[in-house]
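All remarks here apply to the structure that follows.
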Amino acid sequence: MCLSVCPSVLAEESTQLEQVVVTADRKARTVDETLTPVTVITRKDIEKYQATDVAEVLRRVPGINIANGGGAGKATSVFMRGTESKHVLVLVDGVKVGSATLGSVAFQHIPLEQVERIEVVRGPRSSLYGSEAIGGVIQIFTRKGKEGFQPELTLQAGSNNTQAVNTTFAGGDKATWYNMSVGSERTSGINAQVADITGERDGYERKQAAVRVGHNFANGVKAEVSALQADGDTAYDNTFSPGNYIEQFTQEAFSGKVVAPIGTKAIVTAQIGKSKDAGDNFKNGAFISRFVTDRDTASLQADVQVSEHGNLTIGTDKQKDTVDSTTLYTVKSRKNDGIFANYQHDFGKTDVEVSVRRDDNEQFGKHNTGAVAVGYDISDNLRLKASQGKAFRAPTFNELYYPASPPWVAGGDPNLKPEQSKNTEIGLDGKWANGKWSVSAFDNKIDNMISGWPPTNTAQAEIKGVEFGASTQLAGWDVSTSLIIQSPKDKITGKPLTYRPKQIVSIDVDRQFNRMRIGTTLRGESKRDWDDSTVWPTIVRKQLPGYGTVDLRADYQLAKDWTVGAKIGNVLDKDYQTNSGYNQDGINGLVTLKYAPK
Numbered sequence: 001m002c003l004s005v006c007p008s009v010l011a012e013e014s015t016q017l018e019q020v021v022v023t024a025d026r027k028a029r030t031v032d033e034t035l036t037p038v039t040v041i042t043r044k045d046i047e048k049y050q051a052t053d054v055a056e057v058l059r060r061v062p063g064i065n066i067a068n069g070g071g072a073g074k075a076t077s078v079f080m081r082g083t084e085s086k087h088v089l090v091l092v093d094g095v096k097v098g099s100a101t102l103g104s105v106a107f108q109h110i111p112l113e114q115v116e117r118i119e120v121v122r123g124p125r126s127s128l129y130g131s132e133a134i135g136g137v138i139q140i141f142t143r144k145g146k147e148g149f150q151p152e153l154t155l156q157a158g159s160n161n162t163q164a165v166n167t168t169f170a171g172g173d174k175a176t177w178y179n180m181s182v183g184s185e186r187t188s189g190i191n192a193q194v195a196d197i198t199g200e201r202d203g204y205e206r207k208q209a210a211v212r213v214g215h216n217f218a219n220g221v222k223a224e225v226s227a228l229q230a231d232g233d234t235a236y237d238n239t240f241s242p243g244n245y246i247e248q249f250t251q252e253a254f255s256g257k258v259v260a261p262i263g264t265k266a267i268v269t270a271q272i273g274k275s276k277d278a279g280d281n282f283k284n285g286a287f288i289s290r291f292v293t294d295r296d297t298a299s300l301q302a303d304v305q306v307s308e309h310g311n312l313t314i315g316t317d318k319q320k321d322t323v324d325s326t327t328l329y330t331v332k333s334r335k336n337d338g339i340f341a342n343y344q345h346d347f348g349k350t351d352v353e354v355s356v357r358r359d360d361n362e363q364f365g366k367h368n369t370g371a372v373a374v375g376y377d378i379s380d381n382l383r384l385k386a387s388q389g390k391a392f393r394a395p396t397f398n399e400l401y402y403p404a405s406p407p408w409v410a411g412g413d414p415n416l417k418p419e420q421s422k423n424t425e426i427g428l429d430g431k432w433a434n435g436k437w438s439v440s441a442f443d444n445k446i447d448n449m450i451s452g453w454p455p456t457n458t459a460q461a462e463i464k465g466v467e468f469g470a471s472t473q474l475a476g477w478d479v480s481t482s483l484i485i486q487s488p489k490d491k492i493t494g495k496p497l498t499y500r501p502k503q504i505v506s507i508d509v510d511r512q513f514n515r516m517r518i519g520t521t522l523r524g525e526s527k528r529d530w531d532d533s534t535v536w537p538t539i540v541r542k543q544l545p546g547y548g549t550v551d552l553r554a555d556y557q558l559a560k561d562w563t564v565g566a567k568i569g570n571v572l573d574k575d576y577q578t579n580s581g582y583n584q585d586g587i588n589g590l591v592t593l594k595y596a597p598k
């Protein structure tokens, strides 16, 4: 197996035979070379599934379940391998995004029409990325251009008065490429909250724009800049205070990157980034609150081929989070400096990877993490992998600095320690004639878990599980499936962690018939626990029932440059909840018309 030094900007130019990812090891490697479970969602996948939001495609990844607060544009949490949303690091074009007050990412506002590909890495990666990467890392890449000119127009209309339009202009030559895209979406939505007997719909509107431009210089240097912005408003319901609530939101991510070869055996990558997560909240038309996170990042990384079979990556990164809010936090900003190293060596049939990182945080001081992984080629079509890694999560601004409002509301605790985890896993990757499969067993122990309010470091969790993913072709049908069986438990109480089903299965079946393609998605999730705190301070443990859904889709090439698609979601009109007290859409439809000159 060959280890090579190559710039991350080359990752998206790979072929299907040699699919390359950059997130797993913070540099470009083929999926087959990585020792960490990784799933790639391509633009072709997004269009095949006729997906409308990021959560819809993430549901297909082994080990992921979603909790949604009542339809399109509502709060969406991503649980990976039984960990919570705060345990998943999210990047957009290499830039860390999310809210420093909540510690989570507004997946519902990321426009899928502007997405080229998504890489999902499962398992701890704090030894490369620092805080939050306990459950895994999700990196979203915006669309890029290629040689020639590729304009595109997409129109959509569907249930709940849903309307969307997106226009893209992409192209370039051998040296320069570009992609510019603008779009909008609006929907009347559904009645988000079960308890809202008025039946009032909670709508959603969003406008978005994205640009990504790159240039390859004659001396081998590559440079690119990207920008993604989405803003709009979403109506939502408040469990504890009835009224008409609106959030006006803004999501931004900006990146500038330069990749330069140093001789023939080293490459240096420098990147700066800035992201924003902002929301103004209104009740019955009156302004009530504002929460804004501005995040500035910078990184410098060197990939060096130190021997014929060994590669070394070393780097440093900086991050500054600044909070602007109507809530009077006692501290409004903090900095984090990190240094990291990763070494990979190929011993023929055996690969070894070791990574270490040291973070110096302005709030809690220094923190060390590390990981080791080994891969062994049993045969050309079967590979054994084993790994162990430590990870951590820094407390959020809410957990640390939220002001107290006696006697009703306690405040945050500035003395909280970071959550810490230790994950051990073993897995097999296999190939067959028309596809691939993988299976992994993992045991993730999390200590110093922050729970309750006021928040304390008293909780502990252990998450054991087995996940399986496979893709193949059967009698002309493309079949892909994912499955996880897990046991996420609170080690103190012995109870299951809330909102984590013990079993999740997803199956996609598609087939191309000349100009027509048809497909279906089958998904099932078992029951999950949740804590009812509506009668504070009493907390009652309850359960949400399991559910299964069926989606159907088809698309047809009307002419050389025109395609029409149709999708029916939740065909069986299943009544279910992924977040207690919040409705999910019943049977629904969407029609898509796309113009893309070839």
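Numbering (full-length UniProt numbering), first residue to last: 1 to 598.
In this text, a Cβ means the ideal position worked out from N, Cα and C, and glycines have one as well.
Residues of its chain near Val466, where Cβ-Cβ distance is below 6 Å and the 5 sequence neighbours each way are ignored: Ala441 and Ile485
Stretch pair the region 39 to 55 + the region 100 to 119: three plus CB contacts closer than 8 Å: yes
Rounded separation between Ser14 and Ala266 - CA only: Low confidence applies here, because Ser14 scores a pLDDT of 38, under 50, leaving its location unreliable and the question unanswered by this model.
Residues of its chain near Lys445, where Cβ-Cβ distance is below 7 Å and the 5 sequence neighbours each way are ignored: Ser421, Lys422 and Glu462
Residue span of the beta strand (DSSP E) that contains Ile314, given as start and end: Gly310 to Ser325
Touch test, the region 303 to 314 against the region 339 to 349, Cβ-Cβ under 8 Å, three pairs minimum: In short, these stretches touch, since the Cβ pair count reaches three.
Beta-carbon spacing of Asn583, Val194 below 7 Å: yes
Exposed unless 16 or more other CB atoms sit within 10 angstroms - verdict on Thr592: buried
N-terminal and C-terminal residue of the beta strand (DSSP E) that Glu47 is part of: First-last for Glu47: Arg43 to Tyr49, but that is the alpha helix (DSSP H), not the beta strand (DSSP E).
Cutoff 6 Å; reference Cys6; Cβ partners in own chain excluding five residues on either side: Residue placement at Cys6 is poorly supported in this model, since its pLDDT is 40, which falls under 50; the coordinates still yield a value, given next. Only Ala28 meet the Cβ criterion.
Buried or exposed (CB count within 10 angstroms, at least 16 for buried), Leu382: exposed
Thr396 classed as buried or exposed, judged by whether at least 16 other C-beta atoms fall within 10 angstroms: With 16 or more Cβ atoms within 10 Å of its Cβ, Thr396 is classed as buried.
Pair within 7 Å by beta-carbon distance, Ala235 and Asp202: Closer than 7 Å, so yes.
Nonlocal neighbours in the same chain, by C-beta distance under 6 Å from Gln543, ignoring five residues either side: Lys527 and Asp529
DSSP-derived helix/strand/coil call for Gln19: In this structure, DSSP gives Gln19 a state outside helix and strand, which the three-state scheme calls coil.
Any beta strand (DSSP E) of 3 or more consecutive residues that is wholly inside the region 190 to 233: 204 to 216
Length of the line joining the Cα atoms of Lys335 and Ala106: 22 Å
Bridge partners - Asp585, DSSP secondary structure assignment: In the DSSP output, where bridge partners are listed per residue, Asp585 has none listed.
Extent of the continuous beta strand (DSSP E) to which Tyr343 belongs: Following the DSSP letters along the chain, one finds Tyr343 inside the beta strand (DSSP E) bounded by residues Ser333 to Asp346.
Range covered by the beta strand (DSSP E) that runs through Val479: From DSSP, the beta strand (DSSP E) with Val479 extends over Trp477 to Asp490.
Rounded distance between the beta-carbons of Arg212 and residue 627, thought under 8 Å: No statement about residue 627 is possible, as the shown extent of the chain runs from 1 to 598 and does not include it.
Residues sharing a beta bridge with Arg186, DSSP: Bridge partners of Arg186: Gln163 and Glu205.
Per DSSP, cross-strand counterpart(s) of Asn68: Thr76
Exposure label - Glu147; buried when at least 16 CB within 10 Å: Flag for Glu147 reads exposed.
Proximal residues to Ser589 (C-beta, below 8 Å), its chain only, five neighbours per side dropped: A small correction: the amino acid at residue 589 is Gly; Ser does not occupy that position in the sequence shown. Closer than 8 Å at Cβ, skipping near neighbours: Gly158, Ser159, Ala566, Lys567, Ile568 and Gly569.
Inter-stretch contact (C-beta, 8 Å, three-pair minimum) for the region 269 to 281 and the region 292 to 299: As far as the Cβ criterion goes, the region 269 to 281 touches the region 292 to 299, which means the pair count is three or higher.
DSSP state of Leu400 mapped onto helix, strand, coil: helix
Collapsed DSSP secondary structure at Ala459 in the structure displayed: The answer is strand: DSSP assigns Ala459 an E or B state.
C-beta atoms of Leu102 and Tyr129 nearer than 7 Å: no
Residues bridged to Pro496 [DSSP beta-bridge criterion]: Lys489
Complete alpha helix (DSSP H) runs within the region 254 to 307 (minimum length 4 residues, chain order): none
Reference residue 677, options Asp93, Tyr556, Arg515 and Thr83, closest by Cα: The structure shown does not extend to residue 677, since the chain is modelled only from 1 through 598, so no value can be given for it.
Three-way DSSP call (helix, strand, coil) for Ala596 in this model: In this structure, Ala596 counts as coil in the three-state DSSP scheme.
Residues near Pro537 in its chain [Cβ-Cβ closer than 6 Å; skip 5 each side]: none
Spatial neighbours of Phe169 in its chain, beta-carbon cut-off 6 Å, leaving aside the 5 residues before and after: Pro151 and Met180
Simplified DSSP state of Ser131, which is helix, strand or coil: coil
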